[in-house]
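So the structure is just underneath, and the comments pick up after that.
Residue numbers (our numbering): 1 to 529.
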């Protein structure tokens, strides 16, 4: 059975179920597999449905659970919860329709739901020289759905394995998309409460409306006076507060996380990079075994770390291109080896990337240091006490598979405009950051390697910024919801179902907290609910 260690050495040889439930190490570190498993032959993987592929990958990491159990979870998570892709080209649509019809015409009496499970929850769209991996067709229109729709099943199974009768409390900081995706995934699930903390002025109007109108008897949403890093630090502080956790345990509660610090968030994200590679082969864009590049708009470093894991597991990947917005701490890190927090926080039109402390980078450091937990601890202590750390020369040399760049707000808007006018393809601001950095890299390097760009959110979630970018007439006089309607009409795209009627939903969560009283507020929520 695959075991897990904390990046800081305080916990080792822990089971997957322990790590899923605990979320973060008792020493403040993040759980990583004792060794990264290797992928089966790509030819074999290419014959699987998305759910089968997901179950296969998850079983490599969570072999404490049976393959059959994981397959059941994947089929439930990735079938009815994801709408048929609206932006697919006609050949893709016909292929999907034919697959469904073939499935329905078999003599196995499979239900329509089982047939729909054959359809992937993601699609690959070519625009220009890049292939956009659309990860935003789930219930909250963001890539976070890909992991968060299956996480509740994993946590419930973990409680069975751990023989725990405690109620799980999901405590999650969000820069916008994780919050709604987690709330939607965990709402009204018995034995689980979820508390989401978001920066009051650091999310888009649509992201905020999605969260504060969230239904569910077990859901709680708090607006924090501060930025995402403040929210994330508050969550980590509570996880590391032994007295708080002891009191929670005595009251029959166990804290866990839906952030990408939880290994259960990270592993499902590996799957779609493997699927995308195999889809390029299927489309005859590449030969099996031919390397590709992957470009990821990056904030907390979880999504690109999943791509790194896929590479280390055997997926043929050449370069991992890390794209940042104006909060370009990661760009500087990959260029110099120094991670420096002494910089202004610059909120902007790609709020899910407005992050200075990229938590999952700690996992990468652990792997590059070949499990040297003393080194990781020293680096993390320097970050906490000196606001920066510098990698040893030998570690810096190991970053050669990464390329990093950033896009300003102006460059982001220009990129949205160019892709719409040249290719009739609409980007959200986060994906536009990645597209700009990819174009920048291609121009400098002359690298013609086929490239996948992670398209992480629906452009309709950021309608005002997208409307400005494509020069939609009179967008300044529209509110967010009128702009969504105008954007759909102008682009001939259908308004995504999760946004229809959002404006008129009742506001259910109105509480605001500060860094000083957030712990007390959470205690009160847990004691009174």
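For every residue, glycine included, the Cβ atom is placed at its ideal position computed from N, Cα and C.
Given the structure is predicted, the values throughout are model-derived calculations rather than measurements.
In this structure residue 410 is exposed. Its beta-carbon is surrounded by fewer than 16 other beta-carbon atoms within 10 angstroms. Under the three-state reduction of DSSP, residue 133 is assigned to strand. Residues 368 of the same chain have their beta carbon placed closer than 7 Å to that of residue 398, with the five preceding and five following residues left out of the count. Close CB contacts of residue 280 within its chain, under the 8 Å cut and outside five residues either way in sequence, are with 124, 131, 286, 292, 450 and 452 (chain order). Straight across, the Cα-Cα distance linking residue 273 with residue 406 is about 22 Å.
When the alpha-carbon of residue 194 is set against those of 168, 177, 228 and 202, the nearest one is in 168. Remark: fewer than three beta-carbon pairs, one from each stretch, lie closer than 8 Å, so the region 244-263 and the region 210-229 are not flagged as touching.
In this structure residue 199 does not touch residue 222 by the C-beta definition: roughly 11 Å separates them, more than the 8 Å allowed. Looking only at 282, 236, 333 and 313, the smallest Cα-Cα distance to residue 43 is reached by 282. According to the DSSP assignment, residue 193 belongs to the beta strand (DSSP E) that extends over 192-199.
Taking C-beta atoms under 8 Å as the contact rule, residue 64 and residue 6 fail to qualify, at a distance of about 18 Å.
Residue 15 and residue 492 have their C-alpha atoms roughly 49 Å apart.
For a cut-off of 8 Å, the C-beta gap from residue 180 to residue 219 is around 10 Å, too long to register as a contact.
Residue pairing by DSSP places residue 5 opposite 32 in a beta bridge. Inter-residue distance for residue 266 and residue 306 is about 6 Å (C-alpha atoms, whole angstroms).
By the Cβ rule, the region 206-213 counts as touching the region 501-510, because three or more pairs are nearer than 8 Å. CA-to-CA, the gap between residue 176 and residue 351 works out to about 7 Å. Going by beta carbons, residue 258 and residue 170 fall inside the 7 Å limit. Inclusion of residue 150 and residue 34 in the CB contact set at 7 Å is not warranted, their separation being larger than that value. Look at residue 244 here: in three-state DSSP terms it is helix.
Annotated three-state conformation of residue 255 is strand, per DSSP. Your pair residue 379 and residue 396 does not check out as a contact, with CB atoms roughly 12 Å apart and the cut at 8 Å. Using a Cβ distance threshold of 7 Å, residue 326 and residue 346 count as a contacting pair.
Every alpha helix (DSSP H) of 4 residues or more that sits fully in the region 378-419 is shown, in chain order, as 393-396. Counting only runs of at least 3 residues, the region 37-67 fully encloses no beta strand (DSSP E) element at all. In the DSSP annotation of this structure, the continuous segment of the beta strand (DSSP E) that includes residue 296 starts and ends at 292-297. Bridge partners of residue 222 according to DSSP: 197. The shortest C-alpha to C-alpha distance from residue 70 to any of 50, 437 and 82 is the one to 50. In the DSSP assignment, the residues bridged to residue 339 are 389. Under the DSSP assignment, residue 236 falls outside any beta strand (DSSP E), being part of the alpha helix (DSSP H) whose first and last residues are 228-239. Taking C-beta atoms as the reference points, residue 481 and residue 503 count as a pair closer than 7 Å. A residue is called buried once 16 or more other Cβ atoms fall within 10 Å of its Cβ, and residue 528, having fewer, is exposed.
Residue 343 sits exposed, since fewer than 16 C-beta atoms from the chains shown fall within 10 Å of its C-beta. For residue 443, the enclosing alpha helix (DSSP H) stretches over residues 429-445. Measuring C-alpha to C-alpha distances from residue 137 to each of 513, 494 and 316 identifies 494 as the nearest. Nearest neighbour of residue 1 by Cα position, chosen from 8, 13 and 235, turns out to be 13.
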